[in-house]
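Those letters in the sequence shown? Residues 1 to 346, by full-length UniProt numbering.
Heads up: the structure comes next, in structure tokens.
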Amino acid sequence: MLSACGGEAEIVEPPVRTARIEPVMAADLPSRREFVGRVEARLTVEMAFQVGGRLASFPVSEGAVVPEGSLIASLETQDFDRALREARVQLQQAEQNRDRVQTLHERGIASDAALEDVVTNYNLRAVAVENARQNLDYATLNAPFEGLVSRRLVDNFSTIAPGQPIARLQDISELRVAISVSENLIATIDPEAAREVVAQFPFLPDRSFELEYRELVAEPDQASQTYRVIFALPDDMPGNILPGMTANVSIMTEQNADTPTGRVVIPVSALSGSPQGGFVAWVYDPASGTVSPRDVETGDVTGETVLVHAGLDAGEFVVTAGVNALHDGMQVRPMASRTSLAAGGR
């Protein structure tokens, strides 16, 4: 600035703007993520016969808990009994024929080939008896474990094909909650090392249940490109918690500058709009006393602070008031603040 006095020009420096400056802090506070989960059984099996036939007995009802080894259903056994009797008769005939040819072979009347044929036939008939006996056993379907009959898939007296599911049995000795996590979050959240994982149910709003990590399904869902993470509910769950119910799952993790993401937090007031549509933070250089804009990638807002994923490092300084009046290279003077930055900036 020029001013005239006695015919001489004097250069007057513009006043240095005072700015509130605060340090960039590492995001070392816990971060909470919310997910919608679904209760699942530890194991779900669709019960099916290995043989076909007509259902003769289907005593279990939906919602019933059945002990291990108890009867789920059975088929009519007339055909299987008849097949077993026929196989036994044929085995008896094959045994008699084998003994007769063996006696003739010992006398030198029957050839080696003839003896080999009857022995082979006897062995085949013995296998047929074993198959018929096994098919008869397959006509009865028992529970492989204690579980909940969640669904009957056919009616009694229906004709069933081999392998056709007739009932769904769930192992509820341990109830689990599964959530879907996006590929962006799965890289930054370690469910196994989470500080706290809890579930809440809409019909029990005053209670929360601590979850225990079980597994991560490493293959993403083809449609949503999300990964399934599975947690176990406590053993002392209320009896009205059943598979298929919805739960709100909250995961609290530690976030700090030592993590691979190096995320930091700054006051929301430190941000200004970027011409490209994002956000800019004004970084203060204590050595030169100037400010410069820097593009930042922001995350969640908590109170008066915002999480910054990229663009700033912990320990740098940013202007936190009046950022819209700044320009690149502008000289500023830190004002005294709770961070005592002014002393560090001189």
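We treat Cβ as the ideally placed atom computed from N, Cα and C, and that holds for glycine.
All values reported here derive from a predicted model rather than from experimental measurement.
Buried versus exposed, by CB contacts within 10 Å (16 or more), residue i
{"i": "ILE251", "result": "buried"}
{"i": "LEU141", "result": "buried"}
{"i": "GLU106", "result": "exposed"}
{"i": "ASP81", "result": "exposed"}
{"i": "GLU219", "result": "exposed"}
{"i": "PRO260", "result": "At PRO260 the pLDDT is 42, less than 50, meaning the model places this residue with poor confidence; the figure from the coordinates comes in the next sentence. Counting Cβ neighbours within 10 Å, PRO260 comes out exposed, since fewer than 16 surround it."}
{"i": "VAL16", "result": "exposed"}
{"i": "VAL108", "result": "It should be pointed out that residue 108 corresponds to Gly in this sequence rather than to Val. Its Cβ having fewer than 16 others within 10 Å, GLY108 is exposed."}
{"i": "GLN93", "result": "exposed"}
{"i": "ALA4", "result": "Since pLDDT at ALA4 reaches only 49, below the 50 mark, its modelled position is unreliable, and the value read off the structure follows with that caveat. Flag for ALA4 reads exposed."}
{"i": "GLU40", "result": "buried"}
{"i": "GLU22", "result": "buried"}
{"i": "ASP258", "result": "Any reading at ASP258 must be qualified, since the residue scores a pLDDT of 44, below 50, and its modelled position is unreliable; the value itself is stated next. With fewer than 16 Cβ atoms within 10 Å of its Cβ, ASP258 is classed as exposed."}
Rounded straight-line distance, which links the Cα of residue j to that of residue i
{"i": "ALA177", "j": "ALA193", "result": "First, the amino acid is wrong: residue 177 is Val here, not Ala. The straight-line gap from Cα to Cα measures roughly 17 Å."}
{"i": "ALA113", "j": "GLU86", "result": "27 Å"}
{"i": "GLN225", "j": "ALA287", "result": "48 Å"}
{"i": "ASN256", "j": "VAL198", "result": "The pLDDT assigned to ASN256 is 45, lower than 50, so where the model puts this residue is not dependable; a value taken from the coordinates is nonetheless given after this. In a straight line, the C-alpha of ASN256 is about 22 Å away from that of VAL198."}
{"i": "GLU210", "j": "VAL181", "result": "19 Å"}
{"i": "SER111", "j": "LEU104", "result": "9 Å"}
{"i": "GLY63", "j": "SER269", "result": "57 Å"}
{"i": "VAL264", "j": "LEU326", "result": "23 Å"}
{"i": "PHE279", "j": "LEU169", "result": "54 Å"}
{"i": "ASN121", "j": "LEU136", "result": "23 Å"}
{"i": "GLY239", "j": "GLN200", "result": "15 Å"}
{"i": "ARG54", "j": "ASP79", "result": "10 Å"}
{"i": "LEU175", "j": "PRO334", "result": "57 Å"}
{"i": "LEU115", "j": "GLN134", "result": "29 Å"}
{"i": "ILE241", "j": "PHE231", "result": "15 Å"}
{"i": "ASN248", "j": "PHE35", "result": "6 Å"}
{"i": "TRP282", "j": "ARG294", "result": "6 Å"}
{"i": "THR253", "j": "SER70", "result": "45 Å"}
{"i": "ASN97", "j": "ALA56", "result": "39 Å"}
{"i": "MET245", "j": "GLU316", "result": "47 Å"}
{"i": "GLN276", "j": "GLU304", "result": "24 Å"}
{"i": "TYR284", "j": "THR18", "result": "12 Å"}
{"i": "ASN123", "j": "ARG42", "result": "44 Å"}
{"i": "ASP328", "j": "ASP221", "result": "47 Å"}
{"i": "ARG20", "j": "GLY289", "result": "13 Å"}
{"i": "ALA128", "j": "TYR227", "result": "49 Å"}
{"i": "ASP99", "j": "ALA132", "result": "24 Å"}
Cβ separation of residue i and residue j, assumed to be a contact under 8 Å, to the nearest whole Å
{"i": "ALA73", "j": "ILE166", "result": "6 Å"}
{"i": "ALA126", "j": "LEU91", "result": "6 Å"}
{"i": "GLU196", "j": "VAL66", "result": "That pair is no contact at about 36 Å."}
{"i": "VAL291", "j": "THR298", "result": "Incorrect: roughly 19 Å between the Cβ atoms, too far for contact."}
{"i": "LEU148", "j": "ILE172", "result": "5 Å"}
{"i": "GLN50", "j": "PRO202", "result": "In fact, because the Cβ distance is near 42 Å, the residues do not count as touching under 8 Å."}
{"i": "SER274", "j": "ASN324", "result": "SER274 to ASN324, Cβ: 12 Å. No contact."}
Member of the options whose CA lies at the smallest distance from the CA of residue i
{"i": "THR188", "options": "HIS309, LEU211, VAL318, ASP79", "result": "HIS309"}
{"i": "VAL45", "options": "THR120, GLN90, LEU153", "result": "LEU153"}
{"i": "GLN155", "options": "ALA83, GLN164, LEU148", "result": "It is Asp, not Gln, that sits at residue 155 in the sequence shown. When each option's Cα is compared against that of ASP155, the closest is GLN164."}
{"i": "TYR138", "options": "LEU185, GLU76, GLY63", "result": "GLU76"}
{"i": "PHE58", "options": "GLY108, ILE160, GLN134, PRO23", "result": "ILE160"}
{"i": "ASN184", "options": "ARG33, ALA19, PRO15, PRO23", "result": "ARG33"}
{"i": "PRO267", "options": "GLN102, GLY322, LEU169", "result": "GLY322"}
{"i": "ARG151", "options": "ILE179, VAL60, GLU130", "result": "VAL60"}
{"i": "ASP117", "options": "VAL101, VAL129, ASN131, ALA128", "result": "VAL101"}
{"i": "GLU68", "options": "ASP328, GLY303, ASP221, PRO144", "result": "PRO144"}
{"i": "GLU130", "options": "GLU40, ARG88, GLN96", "result": "ARG88"}
{"i": "ARG38", "options": "VAL217, PRO243, TYR284, GLY329", "result": "PRO243"}
{"i": "ILE186", "options": "GLU215, ARG207, SER158", "result": "GLU215"}
{"i": "MET237", "options": "ASN248, ARG207, VAL249, TYR213", "result": "ARG207"}
{"i": "SER158", "options": "ALA19, ARG42, MET47, GLY52", "result": "GLY52"}
C-beta atoms of residue i and residue j nearer than 8 Å
{"i": "VAL301", "j": "LEU312", "result": "no"}
{"i": "ALA223", "j": "VAL24", "result": "no"}
{"i": "VAL318", "j": "VAL332", "result": "no"}
{"i": "ILE179", "j": "VAL229", "result": "yes"}
{"i": "TYR213", "j": "PRO234", "result": "no"}
Residue i beta carbon near the ligand SAM (any heavy atom closer than 7 Å)
{"i": "ASP81", "result": "Among the ligands in the structure shown, none appear at all, so the ligand SAM cannot be discussed."}
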